[in-house]
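Participant: Here you go, one structure.
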Amino acid sequence: RTEPLVLGIETSCDETGIGIVRGRTLLSNTIASSMDEHARYGGVVPEVAARAHLEALQPSIEAALAEADVALADIDAVAVTSGPGLAGALMVGVGAAKALAVSLEKPLYAVNHLVGHIAADILDADAEPLEYPTVALLVSGGHTSLLLVRDLTSDVEMLGETMDDAAGEAFDKVARLLGLPYPGGPQIDRAALEGDPKAIPFPRGLSRASDMAAHRYDFSFSGLKTAVARWVEQHQAAGQEVPVADVAASFREAVVDVLVTKALNACRDYDVPRLLLGGGVIANKRLRDVALERGESAGVTVRIPPLSLCTDNGAMIAALAAELIMSGHEPSTLAFGADSTLPV
Ligand code: KG4
Ligand code: ZN
Numbered sequence: 003r004t005e006p007l008v009l010g011i012e013t014s015c016d017e018t019g020i021g022i023v024r025g026r027t028l029l030s031n032t033i034a035s036s037m038d039e040h041a042r043y044g045g046v047v048p049e050v051a052a053r054a055h056l057e058a059l060q061p062s063i064e065a066a067l068a069e070a071d072v073a074l075a076d077i078d079a080v081a082v083t084s085g086p087g088l089a090g091a092l093m094v095g096v097g098a099a100k101a102l103a104v105s106l107e108k109p110l111y112a113v114n115h116l117v118g119h120i121a122a123d124i125l126d127a128d129a130e131p132l133e134y135p136t137v138a139l140l141v142s143g144g145h146t147s148l149l150l151v152r153d154l155t156s157d158v159e160m161l162g163e164t165m166d167d168a169a170g171e172a173f174d175k176v177a178r179l180l181g182l183p184y185p186g187g188p189q190i191d192r193a194a195l196e197g198d199p200k201a202i203p204f205p206r207g208l209s210r211a212s213d214m215a216a217h218r219y220d221f222s223f224s225g226l227k228t229a230v231a232r233w234v235e236q237h238q239a240a241g242q243e244v245p246v247a248d249v250a251a252s253f254r255e256a257v258v259d260v261l262v263t264k265a266l267n268a269c270r271d272y273d274v275p276r277l278l279l280g281g282g283v284i285a286n287k288r289l290r291d292v293a294l295e296r297g298e299s300a301g302v303t304v305r306i307p308p309l310s311l312c313t314d315n316g317a318m319i320a321a322l323a324a325e326l327i328m329s330g331h332e333p334s335t336l337a338f339g340a341d342s343t344l345p346v
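Take the sequence shown: its position 37, counted from the start at 1, is 39 in full-length UniProt numbering, and no numbers get skipped.
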């Protein structure tokens, strides 16, 4: 098996990620983020993200090539995220990838961002190769999805996803109503340190028996966000001081509980003893700890790649394309566009 040298481009949200891999080996992974530009709006602004990608792409590609110590002419294939994500942001990466592939006269692979997150695991040099089938839980500011992976390159099934806000988005919104800055995840985490996770019984979305029939693997965080807002308002209206630490800890516990419960339900239902975690919310230590703890008692091995591979990056996109190439998949034609709701 020859190992293709692949350059991957990721621009689905606010990270401009360029990654270079040789087969399953990570050579470089450069990330430029426009997060700071979005901070004052409390969330990612698509137009701002797209412009930032346009400016960051060229220098990022040069930096990735330098870090990998390879020349552009030596690249065997170009890979790009074609969706899901923010349409305008995706278009910048797709346009750049097409231009690069045409000028280099090299094959181009359009890949799915969510499947890319799963492929990130391949680049974890310290881990044993991932076995299949595996359940994957992907949680970030843009998505919250539960997938059943029977084969990375040909059989990935979406079991469920969020019906409203992504888990990271819920962290951002709750942080905002507690007066904490963006991005909210790390802020809530810090505030929760001194709090009691059992102080307030916030709702676990789509977890009632009546919801479970149609939404066993789906998530909902907007009701939780509203419950937190209402709780805070009532305390303020009564002239009471809001116990930020307890609210943060109880909110975080509600999110973590529902994520881990549903992921382990999927493992049990499909008789899969493996769970892979991915996405930027994996930075949450409580989520990692609860997943590892409850996974162990359920006989499920929980895999958590290093955080630099869990957040949005180009290396995971390159890694997925390398797998496609090594398993004999044909490249994409130039006729694809950006698809903000691309299915797996
Ligand atoms: O994957 P990611 O870097 O990119 C986007 O989705 O854009 O994820 C960012 C999200 C943000 O919503 C942020 O608040 C959340 O991940 N996040 C966290 C933590 N660190 C980042 N959420 C919970 N706990 C954290 N420690
Ligand atoms: Zn992502």
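Note that the Cβ used here is the ideal one computed from N, Cα and C, for glycine as well.
Counting along the chain, where does the beta strand (DSSP E) carrying residue 315 start and finish?
Facilitator: Residue 315 -> no beta strand (DSSP E), and no H or E assigned at all.
Participant: Taking residue 96 as the reference, which of 82, 280, 103 has the closest Cα?
Facilitator: The candidate whose alpha carbon is nearest that of residue 96 is 82.
Participant: From residue 75 to residue 105, what distance separates their C-alpha atoms?
Facilitator: 10 angstroms
Participant: Restricting to runs no shorter than 3 residues, where is the beta strand (DSSP E) found entirely within the stretch 3–56?
Facilitator: 7–12, 17–24, 27–35
Participant: Secondary structure at residue 299, three-state DSSP: helix, strand or coil?
Facilitator: Residue 299: helix per DSSP, three-state reduction.
Participant: Can you give, in chain order, each stretch of the alpha helix (DSSP H) that sits fully within the stretch 120–180 and has at least 4 residues?
Facilitator: 169–179
Participant: Kindly provide the chain-ordered list of residues whose Cβ lies closer than 5 angstroms to any non-hydrogen atom of the ligand ZN.
Facilitator: 142, 314
Participant: Please classify residue 195 as buried or exposed, where buried requires at least 16 other C-beta atoms within 10 Å of its C-beta.
Facilitator: exposed
Participant: In the structure shown, what three-state DSSP assignment does residue 2 receive?
Facilitator: With the chain covering only 3 through 346, there is no way to say anything about residue 2.
Participant: Round the Cβ separation of residue 98 and residue 11 to the nearest angstrom and send it over; I've been treating them as touching at under 8 angstroms.
Facilitator: 6 angstroms
Participant: Can you tell me whether residue 79 is helix, strand or coil according to DSSP?
Facilitator: strand
Participant: With respect to 7 angstroms, is the separation between the Cβ of residue 173 and the closest non-hydrogen atom of the ligand KG4 below this value?
Facilitator: Residue 173: yes, Cβ under 7 angstroms from the ligand KG4.
Participant: Flag residue 144 as yes when its Cβ comes closer than 7 angstroms to any non-hydrogen atom of the ligand KG4, and as no otherwise.
Facilitator: yes
Participant: How would you write the range of the alpha helix (DSSP H) that residue 267 sits in, first residue to last?
Facilitator: First-last of the alpha helix (DSSP H) with residue 267: 246–271.
Participant: Should residue 282 be counted as a contact of the ligand KG4 given a C-beta to heavy atom distance under 7 angstroms?
Facilitator: yes
Participant: For the pair the stretch 222–229 and the stretch 154–170, tell me if three or more CB-CB distances fall below 8 angstroms.
Facilitator: Counting Cβ pairs under 8 angstroms, three or more are found: they touch.
Participant: With 16 as the cutoff for other CB atoms within 10 Å, does residue 43 come out buried or exposed?
Facilitator: Residue 43 is classed as exposed because its beta carbon has fewer than 16 other beta carbons within 10 Å across all chains shown.
Participant: Considering only heavy atoms of the ligand KG4, does any lie closer than 7 angstroms to the CB of residue 188?
Facilitator: It does: the Cβ of residue 188 is within 7 angstroms (strictly closer) of some heavy atom of the ligand KG4.
Participant: What are the boundary residues of the alpha helix (DSSP H) that residue 88 is part of?
Facilitator: Taken as a continuous stretch (DSSP letters only), residue 88 belongs to no alpha helix (DSSP H), as it is neither H nor E.
Participant: Is there contact between the stretch 295–305 and the stretch 262–281, where contact requires at least three CB pairs shorter than 8 angstroms?
Facilitator: yes
Participant: Given this structure, state the Cα-to-Cα distance separating residue 135 from residue 277, to the nearest angstrom.
Facilitator: Going by the C-alpha atoms only, they are around 9 angstroms apart.
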